[in-house]
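Colleague:
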Amino acid sequence: MKIKVGFGFDVHQLKEDHPFMLGGVQVAHHSGAFGHSDADVLVHAICDALLGAANLGDIGHHFPNTDERWRGISSLVLLTECVRLLNDKGWTLGNVDAMLCLEAPKIKPYIPQMKEHIAKAAGLSVDDVSIKATTNETMGFVGRQEGVVAYAVCLIERNQ
Ligand SMILES: Nc1ccn([C@@H]2O[C@H](COP(=O)(O)O)[C@@H](O)[C@H]2O)c(=O)n1
Ligand SMILES: C[C@@]1(CO)OP(=O)(O)OP(=O)(O)OC[C@H]1O
Numbered sequence: 030m031k032i033k034v035g036f037g038f039d040v041h042q043l044k045e046d047h048p049f050m051l052g053g054v055q056v057a058h059h060s061g062a063f064g065h066s067d068a069d070v071l072v073h074a075i076c077d078a079l080l081g082a083a084n085l086g087d088i089g090h091h092f093p094n095t096d097e098r099w100r101g102i103s104s105l106v107l108l109t110e111c112v113r114l115l116n117d118k119g120w121t122l123g124n125v126d127a128m129l130c131l132e133a134p135k136i137k138p139y140i141p142q143m144k145e146h147i148a149k150a151a152g153l154s155v156d157d158v159s160i161k162a163t164t165n166e167t168m169g170f171v172g173r174q175e176g177v178v179a180y181a182v183c184l185i186e187r188n189q
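In this note's numbering, the protein residues as written are 30 to 189.
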């Protein structure tokens with residue numbers, strides 16, 4: 030059995046009165062992440078971890094922000110497609126561990142639902158999806174609530 034790890038990172042700007050999608054869940058807040066898709070920073074970091082593990086490039090390579098097909102799209106759809114891409118190379122996704130860096134709101138109450146949505150989109154069991162969060166202790170652009178950051182790692186495996 031061969032195993033590989035992947036790492037992903039993403040950042041999105043926060044705008045007032047904008048929907049805030051995180052892990053496929055709409056979070057109640059006065060501002061939300063802005064982007065070409067639904068700007069789900071958490072799912073984007075996970076997509077990049079998956080693509081990185083399988084050496085398949087990055088999310089912008091597969092889903093360019095110049096392509097109208099991806100405008101406003103649910104990032105969970107992109108995640109399912111990333112899993113298909115790595116499955117096509119013979120890889121199976123093992124687990125995902127992700128970290129959100131977000132000053133507000135507290136996302137702890139949303140984590141079980143996020144795990145369910147991500148697990149369903151990625152074909153994983155909920156126990157193989159870990160989501161954690163931290164504030165940036167009021168420092169920098171995250172601390173000023175100008176943006177949100179996410180990091181993710183994953184493991185993939187195949188028979189040689
Ligand atoms: N947006 C966030 C940030 C943090 N949490 C939870 O709060 C705990 C404490 O965070 P600190 O940054 O103050 O250490 C953290 O461990 C998370 O469980 C959260 O839910 N949402
Ligand atoms: C997902 C895509 C495509 O809609 O758009 P955004 O929502 O702007 O997200 P980003 O993290 O900049 O990366 C890839 C993009 O091509």
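Even glycine gets a Cβ: it sits at the ideal position worked out from N, Cα and C.
Taking only runs of the beta strand (DSSP E) that begin and end inside the region 87 to 143, which ones reach a length of at least 3 residues, in chain order?
Modeller: Segments of the beta strand (DSSP E) lying fully in the region 87 to 143: 121 to 130.
Colleague: Between the C-alpha atoms of R98 and P48, what's the straight-line distance to the nearest angstrom?
Modeller: Walking along the sequence shown from the start, residue 98 turns up at place 69. Walking along the sequence shown from the start, residue 48 turns up at place 19. For R98 and P48, the distance between alpha carbons rounds to 20 Å.
Colleague: Using the Cα positions of C76 and I88, report the straight-line distance between them to the nearest angstrom.
Modeller: As a first step, residue 76 must be located in the sequence shown, where it is residue number 47. As a first step, residue 88 must be located in the sequence shown, where it is residue number 59. Approximately 7 Å, taken between the alpha carbons.
Colleague: Taking 7 Å as the cut-off, is the C-beta of A62 nearer than that to any heavy atom in ligand 1?
Modeller: Stepping through the sequence shown from its first residue, residue 62 is reached at position 33. No, the Cβ of A62 stays beyond 7 Å of every heavy atom of ligand 1.
Colleague: Please name the residue or residues paired with G61 in a DSSP beta bridge.
Modeller: If you number the sequence shown from 1, residue 61 lands on position 32. The partner list for G61 (beta bridge, DSSP) reads K44.
Colleague: Run through the DSSP bridge pairs and tell me what C183 is partnered with.
Modeller: By one-based count along the sequence shown, residue 183 stands at place 154. G35 and V125, per the DSSP bridge assignment.
Colleague: Pull up the DSSP beta-bridge partners for T163, would you.
Modeller: To locate residue 163, count along the sequence shown from 1; it is residue 134. According to DSSP, T163 bridges with C130.
Colleague: Taking only three categories from DSSP, how would you classify L51?
Modeller: Position 22 of the sequence shown, counting from 1, holds the residue named residue 51. Strand.
Colleague: With the cut-off set at 8 Å, would you say L108 and A151 are in Cβ contact?
Modeller: Within the sequence shown, residue 108 is the residue found at index 79, counting from 1. Within the sequence shown, residue 151 is the residue found at index 122, counting from 1. Against a cut-off of 8 Å, the Cβ pair of A151 and L108 comes out as a contact.
Colleague: Out of Y180, F170, L80 and C130, which has the shortest C-alpha to C-alpha gap to L114?
Modeller: Position 85 of the sequence shown, counted from the start, is the residue given in the question as residue 114. Answer by Cα proximity: L80.
Colleague: Given 7 Å as the limit, tell me if E145 has its C-beta closer than that to any heavy atom belonging to ligand 1.
Modeller: Locating residue 145 in the sequence shown gives position 116, where the first residue counts as 1. Result no, Cβ not under 7 Å from ligand 1.
Colleague: Checking 8 Å against the spacing of the C-beta atoms, do H146 and G64 come in under that value?
Modeller: For this step, residue 146 is matched to residue 117 along the sequence shown. For this step, residue 64 is matched to residue 35 along the sequence shown. In this structure, G64 does not lie closer than 8 Å to H146 by Cβ.
Colleague: With a threshold of 8 Å on Cβ separation, who are the neighbours of I32 within its own chain once the five nearest residues in sequence on each side are excluded?
Modeller: Working through the sequence shown from its first residue, we reach residue 32 at position 3. Answer for I32: G123, L184, I185 and E186, listed in chain order.
Colleague: Please name the residue in E166, V177, Q42 and G119 whose C-alpha comes closest to that of L131.
Modeller: In the sequence shown, residue 131 corresponds to position 102, counting from 1. With distances taken between Cα atoms, L131 lies closest to V177.
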